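Remarks on the structure that follows.
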Amino acid sequence: MQSIIAFFNKPLLKISLAIGLLTGLLAFGYFLGLYWLDVTPLGNIRVPDFGIHLIMMGFACWYYRRKIGHGFLHLWEALTICYVVNMVAAFITGWLIYFFITFEDPQIYTDYLANLRELMLEGKEQLVANIGEPEFEKLLAGVANNKPADVISDEISKKFLLGIIPILIISLIFRKQKLVTEERN
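Following the numbering used here, the numbering of the sequence shown begins with -4 at its first residue and continues without gaps.
Right under this line is the structure:
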């Protein structure tokens, strides 16, 4: 047990996990804000919550470079920090949304599926032209087969894919390494 505790006692992991938890709670707060404003909080309206992820990843890299690295941050450290913050936040947000739509207000998920189905039927001509009638029918049937637990995996996969390029950019921006100078004889 001590080895597990010692593993998680590293500043790189502690800071990333803590900021990831905070980010997940802030993103869930955005979800709740949409809910209280009577806006359907699922779907594309939630895309701006990734901005919270980006800001917090930048903050985590800045904090680690300033407090732990004493002004220096390797690229691998920045990448690790950003990926851990992003994935922990997505995991926390996904589970909190799942619990909310399962126990607090299941109507949100029902409305979301109805809106998704309606949107697909509105764009049926274009979708059928692009993917064909059989694939469109499979896609439409897949909407009906969605379950609230799919929100968790959807949140994690979307945040992972959305984060690839921004994480690289943030890591390169905050990276600062010591210069290695060789003395010549």
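Glycine included, C-beta positions come from ideal geometry on N, C-alpha and C.
Since the model is a prediction, treat every value here as computed from it, not as a measurement.
Asked, Found
"When Asn110, Pro101, Thr105 and Thr88 are compared against Ile151, the one with the closest alpha-carbon", "Thr88"
"Coil, strand or helix - Leu8 by DSSP", "helix"
"CB of Ser166 within 9 Å of CB of Ala73, strictly", "yes"
"Inter-residue CB distance, Ile10 and Tyr58 (contact presumed, cutoff 8 Å)", "7 Å"
"Within 9 Å, strictly: CB atoms of Leu7 and Ile63", "yes"
"Assumed close pair Asp44, Tyr30 - CB separation to whole angstroms, cut-off 8 Å", "That pair is no contact at about 13 Å."
"Val146 to Glu120 span [Cα, whole Å]", "28 Å"
"Cβ-based neighbour list, Pro143, same chain, cut-off 8 Å, excluding 5 preceding and 5 following", "Tyr93, Ile96, Thr97, Pro101 and Tyr104"
"Pick from Ala84, Leu12 and Phe54 that is closest to Phe169, judged by C-alpha positions", "Phe54"
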